[in-house]
Amino acid sequence: MGWLLVVVGWLANHWLSEIRDRRKEVRGQLDALLESLDELRDDALQFHMGKEYDQPKADSVLMALRKIEGAALRAAIVEETTVAVGVKKIRQAITLENFEVAVFATQNYSDQIITKIQLAVEDFSGAFEAAYSRKYPNRFPYYSRR
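Okay, here's the thing in structure tokens:
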């Protein structure tokens, strides 16, 4: 009878450890994604607020956006349509206006383009944070003290 208690205890411990490890893995992916989004936002703002058009910076911003899209899909925290819509909004905020040499003009921090970029990135980040909170609520068996 004692061995049954040991086996049940081991199974419960193993199950809870698996849950904790998965949550930590997903949180790590999410943190990396959010950091990449912050870097993308900063690079996009630097591009638009620069004194002149910077082609390497423009290319870098577009490449970062493609990488973020892939990372967001791999994280599998939100649906693919949410990723597609979020990336589209960010791409449009960054590239729809003021992204070509012929029309480039230095933007101020209070300009609409800058605000659109910040809001699009914030909305996308918020969607991931909300999905994580739904998937791993702050209660048993996911609860952890930070």
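Numbering (UniProt numbering), first residue to last: 1 to 146.
Where is the CB? At the ideal position from N, CA and C, for every residue including glycine.
Note that this is a predicted model, so its numbers are computed, not measured.
DSSP, read as helix, strand or coil, puts L96 in coil. Here A58 is buried, its C-beta having at least 16 other C-beta atoms within 10 Å. In this model, L37 and V7 are separated by some 45 Å (Cα to Cα). Residue environment for H14: exposed (fewer than 16 other C-beta atoms within 10 angstroms of its C-beta). DSSP places I77 outside both helix and strand once states are collapsed to three, so it counts as coil. In this structure, the straight-line span from the alpha carbon of W3 to that of L16 is close to 20 Å. DSSP, reduced to helix, strand and coil, places K51 outside both helices and strands of the structure shown, so it counts as coil. A distance below 8 Å between beta-carbons, with the five flanking residues on each side excluded, links I114 to the following residues of its chain, in chain order: L45, H48, M49, Q107 and N108. Within the same chain, Q29, A32, L33 and S36 come within 8 Å of A71 by CB-CB distance, once the 5 residues on both sides are set aside.
In summary, V103 is exposed, with fewer than 16 beta-carbon neighbours lying within 10 Å of its beta-carbon over all protein chains present. A distance of 8 Å or more separates the beta carbons of F128 and I90. Shown here, S110 sits in coil according to DSSP, grouped into three states, outside any helix or strand. In the displayed model, F104 falls within coil according to three-state DSSP, outside both helix and strand. The DSSP-derived three-state label of P56 is helix.
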